[in-house]
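Under the working numbering, read the sequence shown as residues 2 to 111, first letter to last. Comments concern the structure below.
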Amino acid sequence: MARRDKEWARKQRNILHWLLGSKCYDCGTVEKLTLDCDEPQGDAHHRKMGWDCRMRFYWRQYYRGNLKLRCLTCNGIKGGSTDKAYHAGRRAAGYASHTHTHTIRGLQCS
Ligand SMILES: [Zn+2]
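Next up, the structure:
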């Protein structure tokens, strides 16, 4: 079952990549692409989700217009990729440090 879920998730991811133009939103490279939320949605949390939850999460972000395709480099520059950098960035921008309340709205995944 787990294996099939993974296959399914990979297919979903491929579709999303295709919909998002199959290249980095920022620099246009086609290598090392990752799905990235413009407005971080608590990445650390959704890493713990199963593949199916994760994909539903990404589709939701896609429909909200919050999903972009970014290469690892641009993703890193943006700072959302590491929680620490993200929070440092938030603080610098004047937000309270722990406002990411892991709001993955509407998802019922344990
Ligand atoms: Zn890039």
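We put the CB at the ideal spot given by N, CA and C, even for glycine. Quick caveat: nothing in here was measured; it's all calculated off a predicted structure.
Sorting 40, 38 and 18 by C-alpha distance to the C-alpha of residue 32 places 18 at the top. Look at residue 28 here: in three-state DSSP terms it is coil, with no helix or strand label.
Restricting attention to 34, 7 and 59, the CA atom closest to the CA of residue 24 is found in 34.
An exposed status is given to residue 15, since fewer than 16 other beta-carbon atoms sit within 10 Å of its beta-carbon. Within the same chain, 33 and 35 come within 7 Å of residue 73 by CB-CB distance, once the 5 residues on both sides are set aside. Counted as a single uninterrupted DSSP element, the beta strand (DSSP E) harbouring residue 69 occupies residues 68-72. In the structure shown, residue 37 falls within a strand segment according to DSSP collapsed to helix, strand and coil. Close CB contacts of residue 52 within its chain, under the 6 Å cut and outside five residues either way in sequence, are with 6, 7 and 10 (chain order).
In this structure, 68 is the residue among 21, 68 and 4 with its C-alpha nearest to the C-alpha of residue 40. Cβ neighbours of residue 20 within its own chain (closer than 8 Å, five residues either side excluded): 63.
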